[in-house]
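>
Number of protein chains: 2
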Amino acid sequence: MDEVQTVSLAGGEKEITVIPHGRNTRRPSTEEITVIGPESKFHVTPVSEEEHELNNRVPSRPTPELKFELDDEGDTLSNHNSITALLSSKFRDIQKRLKQYGIESPRFRKRLVSKWESLNYDVCENVLYIKEQEKYKSKKWVTLRWLSKWLVMFSIGIMTALLAATIHFVVEKLAHLKFDLIKHYFDDCAKNNCLYQPALMWMGINLVITVAGAALVTFLQPMAAGSGIPYIKSYLNGVKIPGLLTFRAFVAKTLGVVMSILGGLACGKEGPMAHSGSIIAAGLGRGRINFCNGKSISFYSAFRNDHEIRDFMAGGAASGVSSAFGAPIGGTLFSLEEAASFWNQDLTWRVFFSSMVACFATNFLISAINGDPTKLTDPGLVRFNAFKFDLKFDLIEIPVFIFMAVIGGLSGALFVVMNYKLTVFRKRYLNKNWIKIIEAGLVAMVSAAVAFGLMVGINDCTDKAPFDSHAVTAAVYCTDKKHNSLSTLFLTTPEGCLKALLHDPFESHGPVSLVAFVLIFFLLGVWTYGLSVSSGVFIPSLAIGAAWGRLVGIGVAHLMPENPNLGVNSSLIKQLDVGKFALIGAACQLGGILRTTISLTVIIVECTDDISFGLPIMIVLMISKWVGDFITTGLYDMNVEVMGIPTLPFECPPLCDDLRASDVMSHPLATFKTKEKVENIYRMLKEETFCGFPVIEDDPMAPGKGKLKGLILRNQLLVLLKKKIFCPEGQVPPRNITIKDFRDFYPVYLKVSEIDLSDEEKSYVMDLKPYYNPSPYTVEQKFSLPRVFNLFRGLGLRHLIVTDEKNMPMGMVTRKDLAKFRVGSKRGLVKIEQLKIEDK
Amino acid sequence: MDEVQTVSLAGGEKEITVIPHGRNTRRPSTEEITVIGPESKFHVTPVSEEEHELNNRVPSRPTPELKFELDDEGDTLSNHNSITALLSSKFRDIQKRLKQYGIESPRFRKRLVSKWESLNYDVCENVLYIKEQEKYKSKKWVTLRWLSKWLVMFSIGIMTALLAATIHFVVEKLAHLKFDLIKHYFDDCAKNNCLYQPALMWMGINLVITVAGAALVTFLQPMAAGSGIPYIKSYLNGVKIPGLLTFRAFVAKTLGVVMSILGGLACGKEGPMAHSGSIIAAGLGRGRINFCNGKSISFYSAFRNDHEIRDFMAGGAASGVSSAFGAPIGGTLFSLEEAASFWNQDLTWRVFFSSMVACFATNFLISAINGDPTKLTDPGLVRFNAFKFDLKFDLIEIPVFIFMAVIGGLSGALFVVMNYKLTVFRKRYLNKNWIKIIEAGLVAMVSAAVAFGLMVGINDCTDKAPFDSHAVTAAVYCTDKKHNSLSTLFLTTPEGCLKALLHDPFESHGPVSLVAFVLIFFLLGVWTYGLSVSSGVFIPSLAIGAAWGRLVGIGVAHLMPENPNLGVNSSLIKQLDVGKFALIGAACQLGGILRTTISLTVIIVECTDDISFGLPIMIVLMISKWVGDFITTGLYDMNVEVMGIPTLPFECPPLCDDLRASDVMSHPLATFKTKEKVENIYRMLKEETFCGFPVIEDDPMAPGKGKLKGLILRNQLLVLLKKKIFCPEGQVPPRNITIKDFRDFYPVYLKVSEIDLSDEEKSYVMDLKPYYNPSPYTVEQKFSLPRVFNLFRGLGLRHLIVTDEKNMPMGMVTRKDLAKFRVGSKRGLVKIEQLKIEDK
């Protein structure tokens, strides 16, 4: 029956073997064709007679053009005729034009990395669990459990706020000291012609602090690099990220971010707060701290499973965001939108509660730092709400805002593209620890040098007092009580710079200074993001946008006639409205870089503290997202893609109705019998990397072909082997084991190499019945991919067993089997791409 | 084996038959005991040998006390020993004390009404669907479909805003006319001693308009009564509500709410906006308007299925809320939090978009009505943002706010309890249409009479100009350019009253007026909610709260020493802070009555337009919710319970681990073979009320016992019968049918009585293969209830087939089978109650 055909492929002519099944009246489908070529992974599945018949009942079903493309980036398969080609062809035109100008849209690596595993969100209802649930049915336990969940959430909020306030205090004080020192040298040396002194000092301070910070992160826990938000989002999506929630990561993250900012890098402390809050939550949830020296303190173990920890972590991330931006609602949404499949109102209330506690406590602490703890006017570390006048907008300004949103989208996409190129470069060439540290130091020095150069070179003098009365202003060459206008932007933290751009008077910053600032800060931002230091990208994005938004404001002020009836009046703008344009610019730039979701929209609105003005902010955020998405993905998504983390989208990619569970499942399966020889288990764990094994009925007539009885996890088997819960055949297992024994190993389970078995023990038998999950979710092989996807995503599964009609396991669908399908487009056709799964 | 035992039950001694299975070492479980008593519905399921063995492996598993209680309100079963008894015993104490004071906590009817069906959210992937999907794979269709979804959402936003602005304009203008008229008579007659004239006139106007409004609602579409929010929430939860989204409901709702407010009822127009927006969305989504006279206009049919309509409706409800309160984020959350299981980011963006469009268009239109369409300062119908000074709060005020929240929770619970009693009374005695209309008229007259009485009786004169310069103020007996302070509260719409309470100067309203107002408005609010008129409960709740909040503010002002260091300074309060207390009071009262969820919190914060002050609002909303929940459910939930709508909670009730799928499923099943005789189908549809039928393999050896092949819906079968898609055995069906033929019947499918079949036709055979869903979700019988629940809720299912190990259907789990389990508590024990399912 097999036919070898020669087919025209992207990479030249290839031979493929087409194996048609059944009658010829059927259209060929992917199930029936095995493509034999490099890296092809399709397999053959026999099609049932009934399905065959079904297909024949659709006479009008057209025979689609089959197109196979195998290219250097993985196997891609599109057997559907052209879709959304209208959009994609336009997209292609733009790409071509971009190429002409040398700006190439990136092709993200089409791969997933196999090391990323799913969380075990699904509860394993084995006999041990039911036994424990019995205990919890006493009133004492239920009340205690309920109360402790709220108490943990409360503690998460309080501790996150404490951390936020401490970091805020330390950074502000030390940064002020540093810049005050530099300013004095600056002003003295401008007179005495020794300007090289402050320049060298500045670069020296930056270098030392940044190198220390980079070393801390690089050697203690590399997971603490960057803002951590891509990791947090992936974790909430259901991916286990080893090392993310450890004490080492906490130390590296919190100390690191202080050093990064003091080291003069273009970064903020807000993104890292979400990560720090998550670590606090995980630590409190587990009730155990593992110190760096291998010791640990343990308090309680009741919540030690992925399900509970993930819920607490949602509270921690929300608290972090809430502390950072004074945005309790935005924080709650931040945590929950990624975790959509698990949203429920009870959890939402708890997350909201911790988020509110964090916001309130931060407010209290920062007010206390500022002198009066009862004032309660600073609910977050960053606020945009110090506008002197009400933020009002007029219909006539909307087109200007939309224009700005388009700019924001385009420049944001440029930011992402440049950073992507840099990331790939770093992965290839700068992958040694000492090189990473040197690079960070270099960036810090260049930041200082460039800032110095601009301040001296442009020498833009102004006599307008800056908005912040504590701001450090250097005179440099300015006289008559004037000061260098760029000094208020560079002799401060990036946050102070953002605030100055938003709130300083109209005349404070001239167009030349602003243009120079935008260019420099944009490049520094691109260079800084992805360094091996703890840093956030929120504040630099906002500052870049605020600077060019201010430019637009100045432009509008000069273009508009001085007609008070028109609503936009230049003298009015001069008085109050330039900050408004700066704010819109900041939102546009952030939207373009991060592709704000609903939660980020709410965060910015909460941060601005003005809901009427929220409407234009929402509009520009949406438009900048659309414009940016047209060119490339957002910065966080780019990060996730580069790392090959298999996050699941919210919906199944389109055009997958033809694919069946049997097409996407991994197979063959490794299965165990309900009573399995220890040797078999040990060997299987050693040889295979599977994390879950179906348990099947022991059918002596057809060995290895029994009905599905349940699912057992690798972690469970390792604990059982370690605890030696087995016995010679026919005897009763000697020891008892409770669910707490499993928890003691959470979250870092054993490795198979840590298990030592004698030859006699290997001949024993393990009874898996009390331990396996007796009701794993299953689908039949003929289920379509969208249905499989909905089930998997909706229930937050890790393993979904595919069975045949007789309830015998045929294969397993895991996260990677679903995440590898992605919509791509090529030459006017929309196609489903299959990402490669690589080991590194 | 059967044993008849006499067991002590709540209603005296009863005989029950206990049928134990298997060995005696097993603890008896619900599966094994059949309670034979009145209304009991438990059934016997054989337990597999393996499960038997499993249970025996848990030696420490205690034998629980089995407790069976059958009481007058339905069968309740608690076989778990005391849980959360600590909480529930305290709850019980409070209940007892409340009883001593004559305030009894209500026992909501423990029942579900069988007429409520689920939506078909799950896509039926039959052959017809796959055929249609093929068509949509062309670029034209995909682009068109994508664009039209956004376009429909845009239109929903625009039309909702148009409606909102129109209602606003009409109500404001006419109400002003009405009250101006009354005021003139008032002022004239106070001098001429003919006050009975304005009183009678007022009552007369109210009577006529309200009776007209009530008649409209009662006769045109009773579903339009009330705010519609409980129905909308149920619909979003997945319950089909017939008549809710019809053109009749739209007319009754929109005209009705105008009449209710002009008729002087204590109600608002905000809740109804959510309902109106939903109807607009459903109409636009279906692309068809069915007019009252039976005619209809049809535009397109692509979105005619429950899945798409539900998504559009989420946009409509969000737009309605957004228009009403200027709260685009709150509106989005309102729609999506109830629909949590179906949340995905793509839909979220669309809903947010329509919500934003609605907000923006409302802003534009209302600004235009107010004279300048480019000002854009009124994003919603109701705003609390006209405070003259910044809303600041001080730590020292938090205890006062918490105290107020407790009051709000308690009085809110009282509101719900009283309204519940009234609702039950109405259901029993006031269930005729003409009585309903008379009651509405009576309430309108009493509202006028009481307002008149208070104004004349208290005669509280003030010379402070009201906040709203257009407000109608009557002098009545006041002289010296003073006016009656209550006239600013009563001679206006409830919205105007709320605004006056929030923003009027400190001296405007004296304590006596306020106390009288609170009492009267509370009682009127209770009486009005549930009348057969179109009305919202938001505004009256807020007004009651604002009034007593103002009282608290006055009290605080008088109690506090005039010490400026203390933060709360009475002279300060007099100047600016009384409105703050009014706002907090309003939030507390709303929280107590409605038990605000996250979305309502956001709505109020957005409405206040001040996020710093959002924090105390969030706190009081949470506390008032907790206090209220301790006593009774919220008003909307009470409504849902009284109507017996089977909404599903977010999580499975606790303590259900012991229940298996086989315990909760409905059985026996009505099944069809893949090729079924028309007569059988017709008879089954006529005799049974099932909405879905499993299709099984035709096994000649064991008839009626085949493997599961798929699931076919009642609606599909009715269409197939109507279109006569059958033929004599062995022939090919004569006609073709497409998925569009099914859509033409959406959403009002045929009744079986509309189908006419000859005897010859009845002997024909229908081939169900192309029509049934070939991959329905199934669970095995041993799945625990929490797992069944998660699957059902997470995927938004309507039918979940329970199979045995051989994949043969055993029973069906539907929404009511899960919704009937509810946690209750009785005599210190927490128990799982099973609600009765009744026909009416």
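Line order of the protein sequences matches chains A and B.
As numbered in UniProt numbering, residues 1 to 840 make up the first sequence, in order.
As numbered in UniProt numbering, residues 1 to 840 make up the second sequence, in order.
The beta-carbon is built from N, C-alpha and C at its ideal position, and this holds for glycine as well.
Source: prediction; values computed, not measured.
Which one of 775(B), 781(B), 179(B) has the shortest CA to CA distance from residue 797(B)?
Nearest C-alpha to residue 797(B): 775(B).
> Measure the C-alpha to C-alpha separation of residue 242(A) and residue 753(A) and round it to an integer number of angstroms.
19 Å
> By DSSP's criteria, residue 843(A) is part of a beta bridge. Which residues make up the other side?
Summary: the structure shown does not reach residue 843(A), with chain A confined to residues 1 through 840, and so no result is reported for it.
> Let me make sure I understand the geometry here. Which of 744(B), 766(B), 804(B), 653(B) has the alpha-carbon closest to that of residue 301(B)?
744(B)
> Report the residue from 428(A), 328(A), 528(A), 174(A) whose alpha carbon sits nearest the alpha carbon of residue 446(A).
Residue 446(A) has its Cα closest to that of 528(A), out of 428(A), 328(A), 528(A), 174(A).
> If you follow the beta strand (DSSP E) that residue 842(A) is in, where does it begin and where does it stop?
Residue 842(A) cannot be examined here, being either before or after the span of chain A that is shown, 1 to 840.
> Would you mind giving the Cβ-Cβ distance between residue 441(B) and residue 211(B), rounded to the nearest angstrom? I have them listed as a contact below 8 Å.
With a Cβ gap of about 4 Å, residue 441(B) and residue 211(B) count as contacting.
> Nearest to residue 145(A) by alpha carbon, out of 783(A), 285(A), 244(A)?
285(A)
> Closest Cβ-Cβ distance between residue 641(A) and chain B: below 9 Å?
Judged by the 9 Å Cβ criterion, residue 641(A) is not in contact with chain B.
> Report the rounded CA-to-CA distance for residue 623(A) versus residue 580(A), giving the unit in angstroms.
18 Å
> In three-state terms, what does DSSP make of residue 227(B)?
coil
> Expressed to the nearest angstrom, what Euclidean distance is found between the alpha-carbon atoms of residue 605(A) and residue 418(B)?
40 Å
> Just list the residues that DSSP pairs residue 694(B) with in beta bridges.
711(B)
> Taking only the alpha-carbon atoms, compute the straight-line gap between residue 542(A) and residue 282(B) and give it to the nearest angstrom.
40 Å
> Give the straight-line distance between the Cα atoms of residue 600(B) and residue 373(A), rounded to the nearest whole angstrom.
Spanning the two alpha carbons is a distance of roughly 29 Å.
> Please list, in chain order, the chain A residues whose beta carbon lies closer than 8 Å to that of residue 377(B).
Listed along the chain, the chain A residues whose CB falls inside 8 Å of the CB of residue 377(B) are 392, 612.
> If you run the structure through DSSP and keep just helix, strand and coil, what is residue 117(B)?
Residue state for residue 117(B) is assigned as strand, using DSSP reduced to three classes.
> Are there 16 or more other CB atoms within 10 angstroms of the CB of residue 429(A), so buried, or fewer, so exposed?
exposed
> Using a threshold of 9 Å, state whether the C-beta atoms of residue 516(B) and residue 551(B) are closer than that.
no
> Which word fits residue 764(A), buried or exposed, when buried means at least 16 other C-beta atoms lie within 10 angstroms of its C-beta?
buried
> Going by DSSP in three states, residue 373(B) sits in which element: helix, strand or coil?
coil
> In this structure, does DSSP put residue 676(A) in helix, strand or coil?
strand
> Can you name the residues of chain A whose CB is closer than 7 Å to the CB of residue 707(B)?
805
> If you count every other CB in all the chains shown that lies within 10 Å of the CB of residue 559(A), and 16 or more means buried, which is it?
By the 10 Å Cβ count, residue 559(A) comes out exposed.
> In three-state DSSP terms, what is residue 382(A)?
coil
> Residues of the segment 725-752 of chain B with a CB closer than 8 Å to any CB of chain A: list them in chain order, please.
none
> Go ahead and pull the three-state DSSP assignment for residue 767(A).
strand
> For residue 686(A), is the beta carbon positioned less than 8 Å from some heavy atom of the ligand FAD?
For the structure depicted, the ligand FAD is absent and the ligand set is empty, with no information on it obtainable.
> Please confirm if residue 854(A) has its CB atom under 9 Å from at least one CB of chain B.
Residue 854(A) lies beyond the residue range present for chain A, which begins at 1 and ends at 840; the question has no answer from this structure.
> Tell me which same chain residues have a C-beta within less than 7 Å of the C-beta of residue 683(B), skipping the five on either side of it?
Leaving aside the five residues that flank residue 683(B) on each side, none in its chain has a CB nearer than 7 Å to its CB.
> On a Cα-Cα basis, can you pick out the residue from 227(A), 213(A), 481(A), 116(A) that is closest to residue 321(A)?
227(A)
> I'd like to know whether the C-beta of residue 786(A) is nearer than 9 Å to at least one C-beta of chain B.
yes
> Three-state secondary structure (DSSP) at residue 822(B)?
strand
> With distances taken from CA atoms, which of 505(A), 773(A), 625(A) is nearest residue 712(A)?
That would be 773(A), whose Cα lies nearest to the Cα of residue 712(A).
> At a CB distance below 7 Å, what residues from the segment 501-530 of chain B approach chain A? Give them in sequence order.
Result list empty, no residue passes.
> On the three-state DSSP scale, how would you describe residue 194(A)?
coil
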